[in-house]
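J.: Quick one: structure below, then a few questions.
Number of protein chains: 2
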Amino acid sequence: MRHLLVPRYVEKIARNGSLRSAAEELGITPSALNRRILSLEEELGVEIFERHPSGLRPNIAGELLLKHFRDQIADMERVKSSIADISGQRAGHINIATTREVVQYFLPALIKQSLIDFPAVTFGVDLLERGEAEHSLVDNTNDIAIVFEPLRMKELQPVYSGEQQMFVVMSCKHPLAKKDNVKIYDCLDYGLLLPKRPEGIRRMLDISAEKTGTTLTPVLESNSLDLLRLMSQDSDALSFCLAINLRPNLEQDNLVAIPLLTPGIASGVLVAGHLRGRTLPVAAARFLETINKELATKFSAMG
Amino acid sequence: MRHLLVPRYVEKIARNGSLRSAAEELGITPSALNRRILSLEEELGVEIFERHPSGLRPNIAGELLLKHFRDQIADMERVKSSIADISGQRAGHINIATTREVVQYFLPALIKQSLIDFPAVTFGVDLLERGEAEHSLVDNTNDIAIVFEPLRMKELQPVYSGEQQMFVVMSCKHPLAKKDNVKIYDCLDYGLLLPKRPEGIRRMLDISAEKTGTTLTPVLESNSLDLLRLMSQDSDALSFCLAINLRPNLEQDNLVAIPLLTPGIASGVLVAGHLRGRTLPVAAARFLETINKELATKFSAMG
DNA sequence: TCTGGCTGTTGCGTTTTTTGCAACACCTTG
DNA sequence: CAAGGTGTTGCAAAAAACGCAACAGCCAGA
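Residue numbers (the working numbering), protein chains in the order written: chain A, 36 to 338; chain B, 36 to 338.
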């Protein structure tokens, strides 16, 4: 959209913190970009960027304008999506923010299906730490967030919200493998393969351990959940994962998943939603509804 | 704001219904304007105007886009006003929609004061029929509406809302002039000078008369309230007006105003507000607050 | 039936705007 | 003091927008 050039320029500069790098990404020269900003500032009668030797930084007026420009860009996307929708073909781009616990197996399947049903709808998926995911909604970087144990609910308008059962993943020859369920203190005798700190599932485990008066000392910490699971193979070490992230055919890897009981503390909740007060583009709204339905049918029985 | 040229062009065409008249008001040639629209439509991949022999008319996609553009323009005004506000000087333009019953004496005084306090804040005042005033908020033609007996409250977010006493205005030598108050059937023996139909005050009088089983047959109907009041001078005819529209020094015109009692029916309410869900520019928001304070202190005692 | 007036549209030459290039001045870091 | 980062500016070339004039269509009134 040609008339949104200036807003996009401003937003890119603010994001990159420098005129030159922004110009490069925008495919124009720094001088052209600079002049655009100067003329915009002249129009407004106010400077919107602080000039530092290290680059440009929006001042108070700039932040105000930036917010407006971001909304404007997002709104235009929404309108374009609506127009495409009434023209018969659903189209648009959907940016999804999520955490590692969620993406595997669940999201890919839904996206694949959408690509078949609506080829004109494209996707972007951002793997973020907990909290960052929600924050990325504020500046419209992402449209939808799927987060386990969200931090600040103030910004997040939930569409789906439900508890997620935790599982302990272990070798099928493991001493605990035959049990119907496992409690946290059953695990303390074995090597623990834990996700790194900011992760929501790690927090649930920490709280759970604290409740029983112990502390979890992992033999391996990683933010690669794949790595953790694979470490469980042919060893006594235990890894953990959420129901939504359980691999379909665990037995092929000689692994089993046993439900982890956490008496006394509430299970962690998985939330899918969008920025509070924002109206999503049609494509994004429908996809979020698909996510909701899928989560509801898959996990409603577990409570 | 240069980057809002296209939105303003589209909005002007939609408002005027014709490319040529819009081009004239915008100070450019029809060909230039036409090309802007064509290139916009090409960008969108969809036509946004229906071409009739009589002119251009937005189609469904166009209406969608139009709404977005209008919001965008209004939002930019709000941001500019905010930026001006943090820069120390309050600035902006305030468009006010109101009805004839309200403007006189009340609004001019407030606007005069504002022009003194904030010279950079400019005003536009639209005299509209009841209903049109509220409707003009929807497309952001006006920021603030002050209406007696509003029709559709769904769109109007009230900031002030209070009842308005009605008065009967007559010559000071009139037989009724000495009474403390007047009822509607006291008036039926005299010539009635009534506002024209859509006016809110007329509706109140009609309802009031209907309640007593009579009908009001005016000797003169007009939408000029000034004219009606002047007709009361040196005659037995009666005119009516609201508390807010009472002339300060009526006795100089040899007129008096006697309160009109309307037992059994609620007094009409005067409402000042803005479009529901919209955040006003600072200048407009503060002025609306001034209106609210003024109305509250002036008419709170009357109940 | 024709004419006048309204509509949007298009080709072309001109004007205005925007751009890229290169050089510059500034600050920080090694 | 040199190297690498920043934003800024002069100038000429490229691109976009514009105005003018002519055109085609529709419709109401003579």
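Glycine residues also receive a C-beta, built at the ideal position from the N, C-alpha and C atoms.
What would DSSP say about Asn327 of chain A, mapped onto helix, strand or coil?
T.: Three-state DSSP puts Asn327 of chain A in a helix.
J.: For a contact defined as C-beta to C-beta under 9 Å, what are the partners of Pro42 of chain B on chain A?
T.: Chain A residues near Pro42 of chain B: His38.
J.: Quick one: using the 10 Å Cβ neighbour count with 16 as the cut-off for buried, is Gly338 of chain A buried or exposed?
T.: For Gly338 of chain A, the predicted structure reports a pLDDT of 40, less than 50, and the residue's modelled location is therefore unreliable. The matter cannot be settled from this model.
J.: Classify Leu54 of chain A as buried or exposed, calling it buried when 16 or more other Cβ atoms lie within 10 Å of its own Cβ.
T.: So Leu54 of chain A counts as buried.
J.: In angstroms with no decimal places, state the Cα-to-Cα distance between Val217 of chain B and Lys102 of chain A.
T.: Rounded to the nearest angstrom, the two C-alpha atoms are 57 Å apart.
J.: Which residue wins for smallest C-alpha separation from His209 of chain B, given the options B:Ile146, B:Ser267 and B:Leu100?
T.: Per the Cα distances, B:Ser267.
J.: Among B:Ala292, B:Ala58, B:Gln124 and B:Leu145, whose alpha-carbon lies nearest the alpha-carbon of Lys328 of chain B?
T.: Checked all of B:Ala292, B:Ala58, B:Gln124 and B:Leu145; the closest Cα to Lys328 of chain B is B:Leu145.
J.: Cα-Cα, which of B:Ala331, B:Gly159, B:Phe322 and B:Glu198 is closest to Gln148 of chain B?
T.: Answer by Cα proximity: B:Phe322.
J.: Determine which residues of the segment 80-103 of chain A have a Cβ less than 7 Å from any Cβ of chain B, and write them out in chain order.
T.: Going along the segment 80-103 of chain A in chain order, one finds Val81, Ile95, Ala96, Leu99, Leu100 and His103 with a Cβ nearer than 7 Å to chain B.
J.: Could you check whether the Cβ of Val114 of chain B sits closer than 8 Å to any Cβ belonging to chain A?
T.: Yes, because at least one Cβ of chain A sits closer than 8 Å to the Cβ of Val114 of chain B.
J.: Cα separation between Leu305 of chain B and Asn51 of chain B?
T.: Distance between the alpha carbons of Leu305 of chain B and Asn51 of chain B: 32 Å.
J.: In angstroms with no decimal places, state the Cα-to-Cα distance between Ala132 of chain A and Asp152 of chain A.
T.: Cα to Cα, Ala132 of chain A sits roughly 22 Å from Asp152 of chain A.
J.: So which residues of chain B does Glu78 of chain A contact, with C-beta pairs closer than 7 Å?
T.: The contacting residues are Met36 and Arg37.
J.: With a threshold of 8 Å between beta carbons, is Ser117 of chain A in contact with chain B?
T.: Ser117 of chain A counts as touching chain B.
J.: Flag this pair as touching only if the segment 113-123 of chain B and the segment 281-296 of chain B have three or more C-beta atom pairs under 8 Å; answer yes or no.
T.: Taking 8 Å as the limit for Cβ pairs, the verdict is that the segment 281-296 of chain B does not touch the segment 113-123 of chain B.
J.: Looking at the secondary structure, which residues open and close the beta strand (DSSP E) in which His87 of chain A lies?
T.: That run of the beta strand (DSSP E) goes Phe84 to His87.
J.: Do Leu255 of chain B and Phe275 of chain B come within 8 Å of each other at the CB atom, strictly closer than that value?
T.: No, these two residues do not count as a Cβ contact at 8 Å.
J.: Smallest Cα separation from Asp224 of chain A: which of A:Thr249, A:Glu245, A:Met201 and A:Glu46?
T.: For Asp224 of chain A, the nearest C-alpha among the options comes from A:Thr249.
J.: What residues in its chain sit with their C-beta under 6 Å from that of Glu82 of chain A, if we drop five residues either side in the sequence?
T.: Glu76.
J.: Less than 8 Å between CB atoms is the rule here; does Ser243 of chain B satisfy it with respect to chain A?
T.: For Ser243 of chain B, the answer is no, since every Cβ of chain A falls outside 8 Å of its Cβ.
J.: When you compare the CB of Met111 of chain B with every CB in chain A, is at least one pair closer than 8 Å?
T.: Yes, its Cβ sits closer than 8 Å to a Cβ of chain A.
J.: Three or more beta-carbon pairs under 8 Å between the segment 195-212 of chain B and the segment 158-171 of chain B, yes or no?
T.: With a cut-off of 8 Å, the segment 158-171 of chain B and the segment 195-212 of chain B do not count as touching, because too few Cβ pairs lie within range.
J.: Nearest chain A C-beta to Ile72 of chain B closer than 8 Å, yes or no?
T.: So no, Ile72 of chain B is outside the interface.
J.: Excluding five sequence neighbours on each side, which residues of the same chain lie with their C-beta closer than 7 Å to the C-beta of Val41 of chain A?
T.: If we look at Val41 of chain A and ignore the five residues flanking it on each side, its Cβ neighbours are Arg71 and Leu75.
J.: Which one of B:Arg43, B:Glu164, B:His309 and B:Thr134 has the shortest CA to CA distance from Gln107 of chain B?
T.: Answer by Cα proximity: B:Arg43.
J.: Whole angstroms are fine: how far does the CA of Leu79 of chain A sit from the CA of Pro65 of chain A?
T.: In a straight line, the C-alpha of Pro65 of chain A is about 21 Å away from that of Leu79 of chain A.
J.: Is any beta-carbon of chain A found at less than 8 Å from that of Leu142 of chain B?
T.: With 8 Å as the cut-off, Leu142 of chain B does not count as an interface residue toward chain A.
J.: Is the beta carbon of Ala272 of chain B closer than 8 Å to that of Leu228 of chain B?
T.: In this structure, Ala272 of chain B lies closer than 8 Å to Leu228 of chain B by Cβ.
J.: By the 10 Å Cβ neighbour count, where 16 or more other Cβ atoms means buried, how is Ile326 of chain A classified, buried or exposed?
T.: Buried, because 16 or more other Cβ atoms sit within 10 Å of the Cβ of Ile326 of chain A.
J.: Should Gln107 of chain B be flagged as near chain A, meaning a C-beta pair shorter than 8 Å?
T.: Chain A contact via Cβ: present.
J.: Return yes when at least one heavy atom of the ligand ZN lies under 7 Å from the C-beta of Ile63 of chain B, else no.
T.: Among the components of this structure there are no ligands whatsoever, and the ligand ZN is therefore not found.
J.: If we define contact as Cβ-Cβ less than 8 Å, is Ile121 of chain A a contact residue for chain B?
T.: By this cut-off, Ile121 of chain A is an interface position.
J.: Could you give the residue range of the beta strand (DSSP E) that holds Gln268 of chain B?
T.: No beta strand (DSSP E) holds Gln268 of chain B; DSSP gives it neither H nor E.
J.: Taking the straight line between their C-alpha atoms, what separation do you get for Ile242 of chain B and Arg165 of chain B?
T.: Approximately 16 Å, taken between the alpha carbons.
J.: What distance in whole Å lies between the Cβ atoms of Glu136 of chain A and Asn280 of chain A, which are believed to be in contact at a cut-off of 8 Å?
T.: That pair is a contact at about 5 Å.
J.: Excluding the five sequence neighbours on either side, which residues of its own chain have a C-beta within less than 8 Å of the C-beta of Leu162 of chain A, listed in chain order?
T.: Closer than 8 Å at the Cβ level, and outside the excluded window around Leu162 of chain A, lie Thr133, Thr134, Arg135 and Val138.
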